[in-house]
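Take a look at the structure below.
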Amino acid sequence: MPGSASWHEDHVSLDVARAFAFHADVTGDLEYLREKAWPILSGVADWIISRVKKTDRGYEIQSAMGIAEREVEANNPAFTNMAAMVVLRDAINAADKLGRAANPDWIKVAATMVLPKKGDVVISHDGFKPHEEKGGTPDPLMGIFPLGFPLSQESEAATLKFYLGLRKGYIGSPMLSALYGVWAAYAGKRALSAQLLDEGYGQFCVDRFLQTLEYRPDVFPDQPRAGPFFANLGGFLIGLLTGFTGLQPTPGSVKNWAKRPVILPEAWTRIEVERVWVRGIPHKLVARQGAKRAELTPT
12 MPGSASWHED
22 HVSLDVARAF
32 AFHADVTGDL
42 EYLREKAWPI
52 LSGVADWIIS
62 RVKKTDRGYE
72 IQSAMGIAER
82 EVEANNPAFT
92 NMAAMVVLRD
102 AINAADKLGR
112 AANPDWIKVA
122 ATMVLPKKGD
132 VVISHDGFKP
142 HEEKGGTPDP
152 LMGIFPLGFP
162 LSQESEAATL
172 KFYLGLRKGY
182 IGSPMLSALY
192 GVWAAYAGKR
202 ALSAQLLDEG
212 YGQFCVDRFL
222 QTLEYRPDVF
232 PDQPRAGPFF
242 ANLGGFLIGL
252 LTGFTGLQPT
262 PGSVKNWAKR
272 PVILPEAWTR
282 IEVERVWVRG
292 IPHKLVARQG
302 AKRAELTPT
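Heads up, the final residue of the sequence shown is numbered 310 in this note's numbering, and it's a clean run with no missing numbers.
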């Protein structure tokens, strides 16, 4: 892959901004939001405004890449556009919390940015074809989780079904494989969730010391056994804490963070964490299979 691919990976700045907003939401640290997160969020939001192009379809991000590095860039990579809308909304929420005026362009672009779709399915970019280079990369599923981009029930279900069907073209690769168990659970497929949690994370863990590798050895036998690979570890952990549990931290009340019914991998009965720190207070997290919502209660 030529080094010039990085010129088009606009999602990286968006990922960083989203991480700052996530930390501010979980900690509730207003000083952190003001001194650390706000300069990043407002700066990236302004960059988004400078990067988009107004067309008859709405605002577009052209000549960019999603998560997968490809030989040729594309217009409107789904994850990049979804992340841009989420970050703009994060910046708007931060401005409100800090008593600042949000840039009106942030509001306008966030409301009218193009999201590439084919029918109800969110596709990876304009003109996407499943058999193209790295066509199995589940970029739009990253928009659903962990990004938390809101889709209609019909669109989410169709997008999950489509990209879970392409999983053999990706699973075993670094970083996103660990999330397949969550995505299958969101599709209501408990047996598949258990299977893909093993294929997407369990089979990356090898002796000795059960370290987590970057590549699954049987899928990429020519890759070095490099580990521990923290992106895979992080994907597994965030899936346990906020994926299967359906938690979506926001600037609002912690009571409203649980957004989804709890669907766990087959044979799992619950996820229970005795202590997680939320906004300076210890909480207990319990997500019971079949519950309407997970429970996050102060202890």
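Cβ coordinates follow ideal geometry from the N, Cα and C atoms, glycine included.
Quick caveat: nothing in here was measured; it's all calculated off a predicted structure.
Out of VAL230, VAL287, ALA85, which one is the CA nearest neighbour of LEU251? Within the sequence shown, numbered from 1, the residue matching residue 251 stands at position 240. The residue with the shortest Cα to Cα distance from LEU251 is VAL287.
Is PRO88 buried or exposed, if buried means 16 or more other CB atoms sit within 10 Å of its CB? In the sequence shown, residue 88 corresponds to position 77, counting from 1. With 16 or more other Cβ atoms from the protein chains shown falling within 10 Å of its own Cβ, PRO88 counts as buried.
Cβ contact (3+ pairs, closer than 8 Å) linking the segment 257-276 and the segment 225-243: no
Considering only their Cβ atoms, is the gap separating GLY238 from THR253 smaller than 7 Å? Translated into the one-based positions of the sequence shown, residue 253 becomes position 242. Translated into the one-based positions of the sequence shown, residue 238 becomes position 227. Not closer than 7 Å, so no.
Near THR310, what residues of its chain come up, given a Cβ to Cβ distance below 7 Å and the 5 sequence neighbours on each side ignored? Here residue 310 is taken as the residue at index 299 of the sequence shown, counted from 1. Counting only Cβ-Cβ distances below 7 Å, and skipping sequence neighbours, we find ARG286, PRO293, HIS294, LYS295.
Closest Cα partner of GLY245 within the set TYR212, ARG227, HIS142, GLU46: Reading the sequence shown from its first residue, position 234 is the one you call residue 245. Cα-wise, what sits closest to GLY245 is TYR212.
Could you say which of SER53, ARG304, THR261 lies nearest to ILE282 if we only look at CA atoms? Taking the sequence shown and counting its residues from 1, one reaches residue 282 at position 271. ILE282 has its Cα closest to that of ARG304, out of SER53, ARG304, THR261.
For LYS64, name the three-state secondary structure that DSSP assigns. Counting from 1 along the sequence shown, the entry for residue 64 is found at position 53. Of the three classes helix, strand and coil, the one that applies to LYS64 here is strand, per DSSP.
Endpoints, the alpha helix (DSSP H) within which ILE118 is located: Numbered from its first residue, the sequence shown carries residue 118 at position 107. ILE118 -> alpha helix (DSSP H) spans 115-123.
Exposure of LYS179, with buried meaning 16 or more beta-carbon neighbours within 10 Å: Position 168 of the sequence shown, counted from the first residue, corresponds to residue 179. Label assigned to LYS179: exposed.
Counting pairs of Cβ atoms below 8 Å between the segment 172-186 and the segment 143-159, do you hit three or more? These segments touch.
By Cβ distance below 7 Å, which residues in the same chain neighbour LEU99 in space, the five residues on each side in sequence not counted? Within the sequence shown, the letter at position 88 stands for residue 99. Excluding positions up to five away in sequence, the list reads ALA56, ILE59, TRP117, VAL120, ALA121.
Beta strand (DSSP E) containing ARG299: first to last residue? Counted from its first residue, the sequence shown places residue 299 at position 288. Per DSSP, ARG299 is one residue of the beta strand (DSSP E) stretching across 292-299.
Under three-state DSSP, which class holds ALA269? The sequence position of residue 269 within the sequence shown is 258, counting from 1. Three-state result, ALA269: strand.
Compute the Euclidean distance between the alpha carbons of GLU80 and ALA95, then round it to the nearest angstrom. Translated into positions along the sequence shown, residue 80 becomes position 69. Translated into positions along the sequence shown, residue 95 becomes position 84. Their backbone Cα atoms lie some 18 Å apart in a straight line.
Starting from the C-beta of ALA202, find all residues in its chain whose C-beta is less than 6 Å away, skip the five residues before and the five after it, and write them out in chain order. Taking the sequence shown and counting its residues from 1, one reaches residue 202 at position 191. Taken in chain order, the residues that qualify are GLU277.
Using a Cβ-Cβ cutoff of less than 8 Å, which residues in the same chain neighbour TYR43 once the five nearest sequence positions on both sides are dropped? Here residue 43 is taken as the residue at index 32 of the sequence shown, counted from 1. Result list for TYR43: HIS34, ALA35, in chain order.
In angstroms, rounded to a whole number, what distance separates the CA positions of LEU207 and PRO115? Position 196 of the sequence shown, counting from 1, holds the residue named residue 207. Position 104 of the sequence shown, counting from 1, holds the residue named residue 115. Taking the straight line from one Cα to the other gives about 43 Å.
Three-state secondary structure (DSSP) at GLN73? As a first step, residue 73 must be located in the sequence shown, where it is residue number 62. Shown here, GLN73 sits in coil according to DSSP, grouped into three states, outside any helix or strand.
When you compare each of SER204, GLU143, GLY183 to LEU171 by their alpha carbons, which one comes out closest? Looking up residue 171 in the sequence shown gives position 160. Restricting attention to SER204, GLU143, GLY183, the CA atom closest to the CA of LEU171 is found in SER204.
Evaluate ARG29 with the Cβ neighbour count: other Cβ atoms within 10 Å of its Cβ, from every protein chain shown; 16 or more gives buried, anything less gives exposed. Here residue 29 refers to the residue found at position 18 when the sequence shown is read from its first residue. Buried, by the Cβ-count rule.
Please determine, among LYS128, HIS22, GLY39, the residue with the shortest C-alpha to C-alpha distance to GLY77. On the sequence shown, position 66 is the one that residue 77 refers to. Among LYS128, HIS22, GLY39, the Cα nearest to that of GLY77 is on HIS22.
With the cut-off set at 7 Å, would you say SER166 and ASP131 are in Cβ contact? As a working mapping, residue 166 is identified with position 155 in the sequence shown. As a working mapping, residue 131 is identified with position 120 in the sequence shown. For SER166 and ASP131, yes; Cβs fall inside 7 Å.
Suppose the cutoff is 8 Å on Cβ atoms and the five residues either side in sequence are ignored; what does the same chain contact list for PHE240 look like? Along the sequence shown, one-based indexing puts residue 240 at 229. Here the set comprises PRO185, PHE215, THR223, LEU224, GLU225.
MET153 and PHE247 - do their beta-carbons sit closer together than 7 Å? Stepping through the sequence shown from its first residue, residue 247 is reached at position 236. Stepping through the sequence shown from its first residue, residue 153 is reached at position 142. No, Cβ-Cβ distance for PHE247 and MET153 is not below 7 Å.
Three-state secondary structure assigned by DSSP to LEU41: As a first step, residue 41 must be located in the sequence shown, where it is residue number 30. LEU41 falls in the helix class under three-state DSSP.
Does DSSP put ARG286 in a helix, in a strand, or in coil? Reading the sequence shown from its first residue, position 275 is the one you call residue 286. Looking at ARG286 - three-state DSSP - the assignment turns out to be strand.
Between the alpha carbons of GLY301 and LYS64, how many angstroms are there, rounded? Within the sequence shown, residue 301 is the residue found at index 290, counting from 1. Within the sequence shown, residue 64 is the residue found at index 53, counting from 1. So the two alpha carbons sit approximately 44 Å from each other.
If I measure Cβ to Cβ from ALA113 and keep anything under 6 Å in the same chain, skipping five residues before and after, which residues do I get? Within the sequence shown, the letter at position 102 stands for residue 113. Excluding five sequence positions before and after ALA113, the CB atoms of its chain that fall closer than 6 Å to its own CB belong to ILE103, ALA106, given in chain order.
For ASP101, verify whether its CB is less than 6 Å away from any heavy atom of the ligand MN. With respect to the ligand MN, the structure offers nothing, as it holds no ligand at all.
So, at 6 Å on beta carbons, what are the nonlocal neighbours of GLY159 in its own chain, with the 5 sequence-adjacent residues on each side left out? Against the sequence shown, residue 159 aligns to sequence position 148. Same-chain partners within the cutoff: GLN259.
Could you pull out every residue in the same chain whose Cβ sits closer than 7 Å to the Cβ of ASN92, ignoring the five residues on either side in sequence? Along the sequence shown, one-based indexing puts residue 92 at 81. ILE72, MET124, VAL125, LEU126, listed in sequence order.
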